[in-house]
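Here the structure is laid out as C-alpha cells; the discussion comes afterwards.
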Amino acid sequence: MSMAFILIKRNIKLFFKDKGMFFTSLITPAILLVLYVTFLGNVYRDSFISNLPNSLKLSESIIEGLVGGQLISSILAVSCVTVAFCSNFLMVQDKANGTIRDLRISPVKSATLSLSYYVATLLSTLIICFAATGICLTYVAIVGWYMSLADIFFLFLDILLLVLFGTALSSIINFFLSTQGQISAVGTIISAGYGFICGAYMPISSFGEGLQKIISFLPGTYGTSLIRNHTMQGALAEMQNQGIPTEVIEKLKDSLDCNLYFFGSQVNIGTMYMILGITILVLIGIYILLNKSKKYNC
1 MSMAFILIKR NIKLFFKDKG MFFTSLITPA ILLVLYVTFL GNVYRDSFIS NLPNSLKLSE
61 SIIEGLVGGQ LISSILAVSC VTVAFCSNFL MVQDKANGTI RDLRISPVKS ATLSLSYYVA
121 TLLSTLIICF AATGICLTYV AIVGWYMSLA DIFFLFLDIL LLVLFGTALS SIINFFLSTQ
181 GQISAVGTII SAGYGFICGA YMPISSFGEG LQKIISFLPG TYGTSLIRNH TMQGALAEMQ
241 NQGIPTEVIE KLKDSLDCNL YFFGSQVNIG TMYMILGITI LVLIGIYILL NKSKKYNC
C-alpha cells in the first residue's frame, strides 16, 4: 500500500507539474463558461420565455436563475468526463516515453501500478472539477441564486459519480493507447463529441425520436440530467410558488432534459443514480480484467 501511495503521489505531482495537461484540463471549464454565457445565454433565455404562455410572466431573477442553472449543468457534465481523459493521459505518456518499462522492471506489482493511475486520475479530476464547481456556483450567485443546501450536496454527489464514470471510461480507452498521436486524436474526439451525446450542448428533447432512443442507452445522459435537476430545481420550485401551472413546469422540464424517458417511460432520479452507479462498477470491473489479462503496452 505504501508503494501505491508513492505512485499516486508521483502521478498527481506530474500531472499538475505538466503545464500542458494541467492548463488544458483547467481551461476547459473556464472557456466553456465564457462561451456559454456569451453565446448561449440569450438562446436559453429566449427558449424559457417562449415555452411560457403569453399570459404568464416571470421575474428577471428567476429567468436568470434558470439560465444559470442550465449553463453550469452543461459545463460540469462535460468537464467531469473530458478533464478525466486529460488527467489520465499520463498513463499513455508513460508508455510513449518509455517510463512504463522502468516501472515494470522495479518491484511494483501490475495491479498496484494500475490502481495508482486510476486513483491519481480520480483525485486530480476531482480537484479541478470541484474548483470549476466553485466558479460556476459563484456565477449563479451573481445572476440568480435559488439552490438549497440539499441541491448543493447532491450536485457535488453528481460530480463525484460522473468523475468516477469518466475516470473508469478513460482508463479503459487509454489502456489501449501508447503514442502521443493517439492521445491527441482521442482527446479531440472526446472534447468535440461527448457534449452532444450526453445532452449537454443540446437538449436530447431537440433530437429526433430515433436518436433520442439511442442516447437513452448512454449512462452519461443520466449524469447530465442529475446535475441539471439539482442546479435548476430551486428555480423551478420558485416558479411553482409564483403560480406557474404544474403542466407548464413539467413541459419545461421535458425540454430541458430534467425529465428523461426510456422508450416512453419516465426515468426517476433514483433510477438515474442506479444506472450511473452500476455503469461505474461495470467499467471498473472491465479495467481490472484488462489489467489482469494483459500487460501494459510498451
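Numbering (full-length UniProt numbering), first residue to last: 1 to 298.
For each residue, glycine too, the CB sits at the ideal point set by N, CA and C.
None of the values given here were measured: they were computed from a predicted structure.
- Where S124 is concerned, the enclosing alpha helix (DSSP H) starts and stops at S110 to V143.
- The C-beta of E64 has 16 or more other C-beta atoms within 10 Å across all chains shown, which makes the residue buried.
- Shown here, Y261 sits in a strand according to DSSP, grouped into three states.
- If you ignore the 5 residues before and after A237, its C-beta comes within less than 8 Å of the C-beta of Y146, all in its own chain and listed in chain order.
- Straight-line measurement puts the Cα of L252 at about 11 Å from the Cα of M239.
- In the structure shown, Q242 adopts coil according to DSSP, grouped into three states.
- Taking C-beta separations shorter than 8 Å and ignoring five residues to either side along the sequence, the partners of C80 in its chain run T125, C129, I159, L162, V163, F165, G166 and G223, following chain order.
- If you compare the alpha carbons of A168, A84, I72 and K13 with that of I284, the shortest gap goes to A168.
- L226 and A77 have their C-alpha atoms spaced approximately 9 Å apart.
- For N268, the number of other beta carbons within 10 angstroms of its own is below 16, and it is reported as exposed.
- Of the other Cβ atoms in all chains shown, 16 or more fall within 10 Å of the Cβ of Q233; this residue is therefore buried.
- Judged by their CB atoms, I190 and T112 are not nearer to each other than the 7 Å cut-off.
- Cβ-Cβ distances below 6 Å link T221 to C198, G199 and I215 in the same chain, with the five nearest sequence neighbours on each side left out; the list follows chain order.
- With contacts defined as CB atoms closer than 7 Å, A120 and I12 qualify as a contacting pair.
- For N97, the closest alpha carbon among the candidates F5, L123 and S178 is that of S178.
- For S73, the enclosing alpha helix (DSSP H) stretches over residues E60 to A96.
- For A141 and S148, the gap between their C-alpha atoms comes out near 12 Å.
- Counting along the chain, the unbroken alpha helix (DSSP H) around T167 starts and ends at L149 to F175.
- Looking at F16, I286, G264 and F154, the one whose alpha-carbon comes closest to that of G270 is F154.
- Only buried fits A84, as 16 or more other CB atoms lie within 10 angstroms of its CB.
- Across the structure, S171 and R228 are spaced so that their CA atoms are roughly 26 Å apart.
- The shortest CA-to-CA distance from I6 to any of S59, L103 and A150 is the one to L103.
- Counting C-beta atoms within 10 angstroms of its own C-beta, I280 has 16 or more neighbours from the protein chains shown and is therefore classed as buried.
- A buried status is given to I100, since no fewer than 16 other beta-carbon atoms sit within 10 Å of its beta-carbon.
- By the C-beta density criterion, F89 is buried, having at least 16 other C-beta atoms within 10 angstroms.
- When the Cα atoms are used, G210 and K57 turn out to be separated by approximately 35 Å.
- Contact check for D254 against P203 fails: the beta carbons are separated by 7 Å or more.
- Per the coordinates, the alpha-carbon of M274 lies some 29 Å from the alpha-carbon of M91.
- In this structure, the beta-carbon distance from L14 to F175 does not fall below 7 Å.
- For I72 and R45, the gap between their C-alpha atoms comes out near 14 Å.
- Contact between A4 and S87 is absent: CB atoms are separated by about 17 Å, not below the 8 Å threshold.
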